[in-house]
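Contents: one structure, followed by commentary.
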Amino acid sequence: MTGAGGAPGGVGAARGKLVLGIETSCDETAAAVVGGAGAWAGRRVLSNVIASQHELHAEYGGVVPEIASRAHAERLLAVVRRALGDAGVGVRDLDAIAVGHRPGLIGALLVGVAGAKALAWSLGIPVVGVDHVQAHLYAGLLDGPAEGGEEGGGGGGPGQLPVEFPALGLVVSGGHTTVYRLDSSTRLTRLGSTIDDAVGEAYDKVGAILKLPFPGGPHVDRLAASGNDRAFDFPVSRLSRDSLDFSFSGLKTAVRYAVEGVPGSDRPGPAPLTAGRSADIAASFQRAAVRALVMKLTAAAEANPDVRALLVGGGVSANSQLRGELGAFASGRGWALRLPRLAYCVDNAAMIAGLGCEQLGQRGWRGDALSLTASPAAAC
Ligand code: KG4
Ligand code: ZN
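Okay, so the sequence shown: first residue is 2 according to our numbering, each after it adds one.
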């Protein structure tokens, strides 16, 4: 279990409404407490605890839904206790409980939703259902302690205000690769999405082909740094001219053929997979994957000329090359960019609590009914 507490200002400083977030949509059991007042409401992270299940799923090369649900049920209470402890608050200090209730693995989501509803009901406080994908885009607005070597972070340093809308949003994770137009933090229109693999899934499959540990994304990222990104000319899928959709399955197959050879081909087999060749493949794959993302973002920017900001989220937003290229993309247009701090790129509950707090702040709304359910599908 990893966790961080003690956000700038601490609990004593203008903590505003305290919201506990719970996240169990896939293979991380997570809980976090956010607070903050005024423009900072929901954006000060007081604790952020993540119990990863990677070790339970590694031998299967992917997440096994039944194992994930069971592990959430076993760990949730300890994770929530630790999040409260790290934040230095008691359960009775909470004003609301936010829970990621869609999209995700249905059995996994149900554990978090049932836990959140039971806790909210017993405390007599609102429960708020939050869309996990929308929450990834809120992650760049969160403030928290910067990590080693990290510049500024997406939440900006203390004092940086949220972006002005409309904005573009890019969610890049193991399950999603989608570009949105946002007219507020909660009003999203989907502009394009992957028609096959998500970009994180492609990273993980390439990691498996290169025999790297699971999940492969961060390992491919690190390996790519020492490779030649022009060594292989991997395809960047455009689909049709006006399409803002993505496709990564052709790229993944091209990597497989480079490593294993083309099935049925009478050409000589591929060269042995040395460390140098692996690094070149990782770098060339990463160049193609990042180019595909930036290409579609550029088209989305042209189709939405009133936009002046970009929000990015999801596990792949931790990718070093993508972060650099998105920085250039935004500064070249004079746009504000909100990239999450590294701790808020992967699945976490701080983003759930933050967006839940924002939803609760909307005039006249008092949270969801206890009939709130989990759903495998995203809102849009
Ligand atoms: O958002 P997330 O934690 O879970 C989902 O909602 O899917 O994203 C996990 C994904 C995995 O595919 C992982 O390999 C990828 O994010 N990932 C990365 C990096 N760090 C995590 N991919 C590329 N480069 C990274 N540095
Ligand atoms: Zn996610």
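Just so you know, even glycine gets a beta-carbon here, dropped at the ideal spot from N, CA and C.
Beta carbon of residue i nearer than 8 Å to that of residue j
i    : j    : result
G218 : R339 : no
A32  : V92  : no
A290 : A203 : yes
I353 : I68  : no
G90  : V128 : Inspection of the sequence shows that residue 90 is occupied by Val rather than by Gly. No, these two residues do not count as a Cβ contact at 8 Å.
V46  : C358 : no
L143 : R44  : yes
V207 : T178 : no
T190 : S248 : no
P236 : A255 : yes
V308 : A168 : yes
A350 : L192 : no
A259 : F233 : yes
Residue from the options with nearest C-alpha to residue i
i    : options                   : result
I126 : T190, Q135, K297 and G368 : G368
L213 : P264, A276, H177 and Y258 : A276
L343 : G355, S321 and A331       : S321
R182 : Q135, H58, A199 and P216  : Q135
A72  : G63, G86, A52 and R191    : A52
K18  : D267, T30 and G39         : G39
D96  : I107, V180, G86 and A121  : A121
C346 : G201, A304 and G314       : G314
S78  : I98, Q360, F235 and T30   : Checking the sequence shown, residue 78 turns out to be Leu, not Ser. The candidate whose alpha carbon is nearest that of L78 is T30.
S227 : D246, P216 and S279       : S279
G316 : D246, M296 and H220       : H220
S372 : H102, D87 and D348        : H102
N305 : G170, M2 and I98          : G170
E165 : E261, D184 and V172       : D184
S36  : L124, S48 and L211        : Here residue 36 is Gly; the residue named in the question, Ser, does not match the sequence. Comparing Cα-Cα distances from G36 to each of L124, S48 and L211, the minimum goes to S48.
R292 : S238, S266 and A259       : S238
E60  : L211, F215 and S332       : F215
L361 : G4, M2 and A42            : A42
D348 : L211, Y139, R16 and S123  : Y139
D281 : V263, R223 and G4         : R223
S241 : T3, M296 and G325         : M296
N229 : G333, S123, R288 and D94  : R288
S244 : E303, T187, G262 and S266 : E303
A380 : L274, T187, R334 and G325 : T187
G4   : G262, R82, W366 and R334  : R82
G62  : L211, D267 and S266       : L211
R76  : M2, L106 and I107         : M2
I107 : L294, H133 and R364       : H133
Whole-number beta carbon distance between residue j and residue i, since they are thought to touch under 8 Å
i    : j    : result
L252 : F286 : 7 Å
E70  : V112 : In the sequence as presented, Glu is not what sits at residue 70; that position holds Ser. Right, the Cβ-Cβ distance comes to about 6 Å (below 8 Å), so this counts as a contact.
L298 : F330 : 6 Å
S250 : D205 : Actually they do not touch by this definition, with Cβ atoms about 13 Å apart.
P377 : P66  : That pair is no contact at about 10 Å.
A283 : A225 : 4 Å
A84  : V131 : So it is not a contact: roughly 16 Å between Cβ atoms.
T374 : V114 : 7 Å
L327 : L311 : 7 Å
V180 : H137 : With a Cβ gap of about 13 Å, V180 and H137 do not count as contacting.
A117 : S26  : No, A117 and S26 are not in contact; Cβ-Cβ is about 13 Å, not under 8 Å.
A55  : D87  : According to the sequence displayed, residue 55 carries His and not Ala. The pair is not a contact, with the Cβ atoms about 21 Å apart (cut-off 8 Å).
Where in the segment 198-283 do unbroken runs of the alpha helix (DSSP H), each at least 4 residues long, occur, reported from the N-terminal end onward?
200-210, 218-225 and 250-261
Contiguous alpha helix (DSSP H) assignments of at least 4 residues, all confined to the segment 16-69
Qualifying alpha helix (DSSP H) stretches, in chain order: 55-58.
Any chance you could list the residues with Cβ under 5 Å from a heavy atom of the ligand KG4, keeping chain order?
That gives S174, G175, G176, G201, Y204, D205, P216, G218, P219, D222, G315, G316, V317, A319, N320, V347 and D348.
Continuous beta strand (DSSP E) assignments of at least 3 residues falling wholly in the segment 68-156:
97-103 and 128-132
Entirely enclosed alpha helix (DSSP H) segments - the segment 292-330, minimum 4 residues:
Listed in chain order, there is nothing to give.
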